[in-house]
Structure formats: C-alpha cells, structure tokens
Amino acid sequence: MRNNYTFGVQSSSFRMNELKIFVVEDNELYARTSQHHLSLNPDNEVEIYMTGKDCLQNIYKRPNLIFLDYSLPDISGIEVLREITESNPEIPVVMVSGQEDVKTAVELLKEGAYDYIVKDENAHERMWNASNNIRENAELRNEIDRLREEVDIKYDFSNIKGNSPSIKKVYKLIEKAAQTNITVSITGETGTGKELVAKAIHYNSKNQKNNALVAVNIAAIPTELLESELFGHEKGAFTGAVNKRIGKFEEANGGTIFLDEIGEMDLALQAKLLRVLQEKEVTRIGSNSAVKTNARILVATHRNLADEVKNGRFREDLYYRLLGLPIELPPLRNRGNDIILMAKYFVDEFVKENEMPKVQLTPEAQKKLISYNWPGNVRELKAVLELSAVMCDSDKIQSEDITFNSSGQDLSEMLSKELTLKKYTQKIIQHFLDKYERNVVDVAKRLDIGKSTIYRMIKNNEIEI
Amino acid sequence: MSELLYNLSQLEELAGGSQEFVESMVDTFLEHTPQQVIDLRAAFDANDMDSLGKLGHKIKPNIDLFGITSLHEAIRVIEHNGKHGVNDPVLEKSLNTVETVLNETFNQLRDR
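Line order of the protein sequences matches chains D and Z.
Residues in the first sequence are numbered from 1 upward in steps of one, following the numbering used here.
Residues in the second sequence are numbered from 1001 upward in steps of one, following the numbering used here.
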C-alpha cells in the first residue's frame, strides 16, 4: 500500500516560483476558501483533497507544500503526517486544526510538521505567509540542488584526465579513499593536481559529499594567524580578536578538512595539530573548553615528508598520523600520452569558452609537448596550451606556436647545482626509470648502457626502484 | 429581526475582490449547513454526544468565516461538551441558540 506513494521528490520539476500546494480538508467551505485565497497568487497551484487517503494517493504529484487538517474523516491527520514524513520527508506539512491545544501542537511539530496553524480569523493569512516562506525555501533549495549538481559534475572523477598506468593507479587509490574515512596524504610536484584529487575524494565519499569541504592552504596564511584560522579563537583572546571566531576544524565538522601544503607548517603548530588529531577535539584560542571535531582529514604537500622528518623539519609522530593512505601523483613528464590527451582537452575547453574556432595540434607540436619536461606539470601545460591557442594563426597549432617559459633553463639549472658526474648519472637514470615504469631493460636500451650498470646502482642504493 | 446576523467582510477580504467567489461560497453554505443543523438536533435527541461534538467542530469554522459572531460561544460549547460527553443545560441552550440564529441567517442570506 505504502509503495503506491513513496515517490521521490528530490527536485521540483516546476518553474522556480511556482508552488504546488495541497489543501487536505474535509470542510468544503474552508478548503475552497483556502484554495481561492492562496490562488490569488498566480504562482500558486492549489489542489483540494477531502480525505487523508486521497492526499496520500496523490502525493506522487510532488507538492511543494501541504496544508493538512488535523481531524479528517478517514485517517487521522497525525497518521497522514507520519506517512508523508516517512515517505517524502522533504515536503513541508503545515498542520491546520480547529483546536487551540498546545500539547497537540508540540506533538505534531515533534512528528515533523513544518508549522501548526489554528483555524481562527488569522488562519488564512498565516497560510498565505507560510506559502510565501516555503516558496523562498524552495528557491534556495533549488539553488542548492543546482550548485550541488554542478559541483558533483565538476569534481566527478572524470575531471582528472588520463589513461597512463600511473594515473590509473591514482584513480584506484581515490576510489579506495572514498569508501572510508581514512586520512589521505597526497604528494606530488607542484601543478600535478593535488587539490583535484582531494576534491574527487571528498565529493565521491558517501559519508561526506553532502557536507562541507573546507580547504586551508597552510603556505598562504602567515604563521601567526594560522593557529586561529585552524582552531578559532574567543573574543578578546589576543589583540585584534574583536569577535569570536570559529576555526576551520570546527567548520569542517562532519565534513572534510583539506590541509594543503602541510609541509610548510611550523613545528610549534604541528604539536598542536597532533593533539587535535589525537583527541579529536579543538580548543579555541582563549577558551578553556574543548569542542569535539569529527572532520575527515586530507593533506597534501609537494615536499617529501619522510625527508622533512629526517631533517627535523616535520614531527615524526605527526607524519605517521597523517600518512594514512598515501597517494602520489605522477609528474606530467612521466605520463606519456596523457600529455597529448590533456593538451587537446585544454585547447578544446579554451576555444569553447572564448567562442573561437576549433584548433588542432600538428604532429610536430605534439612531439614538442611530449619531449618537454614540464616542471610546472598540468598547471603549466594548461597555461602553455592556452597561450598557443591564442598565438596560432590558423586552425592548427604549429610547434612554433608553443613556447615554454622555463625552456632551456632546466639543463642550466640542473648543471648549476654542480654535482659530480656520478650524481648526474644517477639522476638521469632515476628519471628514466620513473618515466618508463621502472623497466630496467627498456631504460638500458634507451640510454644505451648495460643493464648490469643499472642493477649495480640499485643494489648500492644509488637509485630507487 | 432586521439586524444582519452575518458579516461577509472576512470572506470578501479572502476573496480578493471576487464577488463571484463570495456568491459561490454563500451558495455552498446554504446548500450544506441546513442539513447540518438538522443533524445536530438529531444527534442531541439521540444523546449521541460524539457525533454532536464532531458536527460542532465542522460547523465552527463556517460560522467564523461568515462572521456570525453571536454564535461564537454557543458553537464552541457544542463542540466542547460533545467531545467530553457533557450533556448539561448549557448545551441544550446553546443548541437552541445555534438552531434559531442559523435558520434566521439562512433566510437573511437567501433574501440578500
């Protein structure tokens, strides 16, 4: 029986301002008066139902608001209310009753009624006001639904592009991360898309995606302000603390906090962060009491945190607590054909946004992109391609349309470090191994050296595999 | 009785200037309420307090809507006493009043 009317009312199919209203009322005069009065607003579409059963059988029409008489001839109003709040909790139900009975009113509100109106001389005016309030709420809800959909699309997995084995591994890890609340540490060079991964994890997590994702870039906030930014402060806690302020951890309660550039946090604050993570509570600066926090933690850094620990710049205990599920984003230069795939995507998006004619990459241009080492990774790729789309004079991007800002500087930058030849050799071999999936045979062939040379270096821990 | 027992100003206000709607409401009122008055009396005669209370509850908002202020108290007595099963002299007096005033109101509305 119930299944007849358990229809979802996720998003209204009506135009923004239109409101479908049910008046459930067995008193015909009263019902028709309500209908007529509410219909004075042409955006209101009012339907009358004389019994509870009638109302429930028509709930699939997805009203935006129901005025429900408390004493109906068939099912009691409270029963109808229960049915509606169970099957369609998002429909606001305003109870209308002839009784001025506070106890009943409280009970109905507890059962989930949106409001309670007594049938007195002001009842119709109050119904009118209620419908206006609901209209405003419905508009806001529509807006939220729209934005949420937009966000879901925007940070859907597919926003991270690529087919290379290294990025496919990242997809898998994101999927794993989204299934639980485990802390995730995202590493990767600048511009590899650490924030995109954090968003993908958050918006694909079942538990969190409806709650806030609060992002804090540790590197962007002055050290002395960071503590109050993260943990909040009470009014008067320090000079300039004019008002009470809620910290990012509290703001993210029930959702996700994303601490970007965590490697930049100074040691004193690291100790405090560790405490927050251990106790799962924050204490606002200047406050004596702690507030529970239940935020999911995502961190990112372009640094190698293990090295930072070794060098005493990052607390070891905090490192292990934050490590959780590590996701390492591959640098763009190691992603082979992904470079072309993304290059085409960025060009297409750019010309679409700017209403320019479609352009294509010539094979020479593609070759130039593949052989560059992309120190700025995807962010740089996007900038370079957008510039080349502007610079090209035909429907084809030629290799001379592509200019790299750091072009040529890399070798000299590398040489300026004045390492030993042995060190340079190690670096070159390491680079190739990273790029070609640790395939020693392949790398030896490409560099025209013996496999045993590489194996010996691996054995001596001169390179990592 | 030449004094008007009803006042349509609230109904007219709710109608938002639609005289047609007011007329239709008056017609509906005249169509259903006389029978309800007969039912009220029958319930009282049968000592069916529950039905009496429910009928009173149903008629009450219409009396308010049509501005029949002289029955404001009486209809509430019927509703309340019926609900709680209190058959006392006040109830009978209230029922008599409701009957008389409503029947006269029907005449006045028809002769409008």
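In this text, a Cβ means the ideal position worked out from N, Cα and C, and glycines have one as well.
| Query | Result |
| --- | --- |
| Entirely enclosed beta strand (DSSP E) segments - the segment 270-323 of chain D, minimum 3 residues | 281-283, 290-292, 296-301 |
| Per-residue burial, Q366/D [other beta carbons within 10 Å of its own, 16 or more giving buried] | buried |
| 7 Å Cβ cutoff, L1014/Z in contact with chain D | yes |
| Minimum C-alpha distance to N1047/Z - residue among S1024/Z, K1083/Z, L1008/Z, N1103/Z | K1083/Z |
| Member of E1079/Z, S1070/Z, M1025/Z whose CA lies at the smallest distance from the CA of D1050/Z | E1079/Z |
| Contacts that L1065/Z makes with chain D (C-beta to C-beta distance below 8 Å) | L29, Y30, T33 |
| Terminal residues of the alpha helix (DSSP H) in which P466/D lies | Here chain D has residues from 1 to 465 only, and residue 466/D is not among them. |
| Validate contact between the segment 176-189 of chain D and the segment 296-305 of chain D using beta carbons, cut 8 Å, 3 pairs | yes |
| Neighbour-count burial assignment, D260/D, 16 or more Cβ in a 10 Å radius | buried |
| For G399/D, the nearest candidate out of L361/D, E316/D, Q179/D, E189/D (CA to CA) | Before going on, a small fix: residue 399/D reads as Ser here, not Gly. Cα-wise, what sits closest to S399/D is L361/D. |
| Sequence-distant residues of its chain with Cβ nearer than 6 Å to S388/D (five each side left out) | I397, D401, I402 |
| Straight-line Cα distance separating I66/D from S76/D | 15 Å |
| Secondary structure of M95/D, DSSP reduced to three states | strand |
| Neighbourhood of E281/D by C-beta distance below 7 Å, restricted to the same chain and skipping five residues each side | A290, V291, K292, T293 |
| Whole beta strand (DSSP E) elements within the segment 24-79 of chain D, 3-residue minimum | 44-49, 65-69 |
| Beta-carbon neighbours of N1062/Z, restricted to chain D and to distances below 9 Å | N27, L29, Y30 |
| Contact the segment 83-95 of chain D vs the segment 107-126 of chain D: 3+ CB pairs below 8 Å | yes |
| Same chain only: Cβ atoms within 6 Å of E364/D, ignoring 5 sequence neighbours per side | S399 |
| Beta carbon of P63/D nearer than 7 Å to that of F22/D | yes |
| Neighbour flag for K1058/Z against chain D, beta carbons, 7 Å | yes |
| Cutoff 7 Å: T1113/Z Cβ touching any chain D Cβ | As displayed, chain Z neither begins before 1001 nor continues past 1112, which places residue 1113/Z out of reach and without an answer. |
| Inter-residue Cα distance where the pair is E466/D and Y320/D | Coverage of chain D is limited to positions 1 through 465, which leaves residue 466/D absent and any answer about it impossible. |
| Exposed unless 16 or more other CB atoms sit within 10 angstroms - verdict on L415/D | exposed |
| Reduced DSSP category for L225/D - H, G, I as helix; E, B as strand; rest coil | helix |
| Neighbour-count burial assignment, N1107/Z, 16 or more Cβ in a 10 Å radius | exposed |
| DSSP beta-bridge partners of Q360/D | K396/D |
| Check whether G1113/Z and N1007/Z have beta carbons under 7 Å apart | Any property of residue 1113/Z remains undetermined from this structure, which presents chain Z solely from 1001 to 1112. |
| DSSP state of S1018/Z mapped onto helix, strand, coil | coil |
| Residues near E25/D by beta carbon distance below 6 Å, same chain, minus five either side | A31, D69 |
| Span of the alpha helix (DSSP H) around L1052/Z | 1049-1065 |
| Backbone secondary structure at P375/D - three-state DSSP | coil |
| Interface partners of T1028/Z on chain D, CB under 8 Å | E28, L29, R32 |
| Reduced DSSP category for K20/D - H, G, I as helix; E, B as strand; rest coil | strand |
| Per-residue contacts from K119/D into chain Z (C-beta, under 9 Å) | K1060, P1061, D1064 |
| Cβ neighbour criterion (16 or more within 10 Å) applied to E437/D | exposed |
| Closer than 7 Å to chain D by CB, F1044/Z | no |
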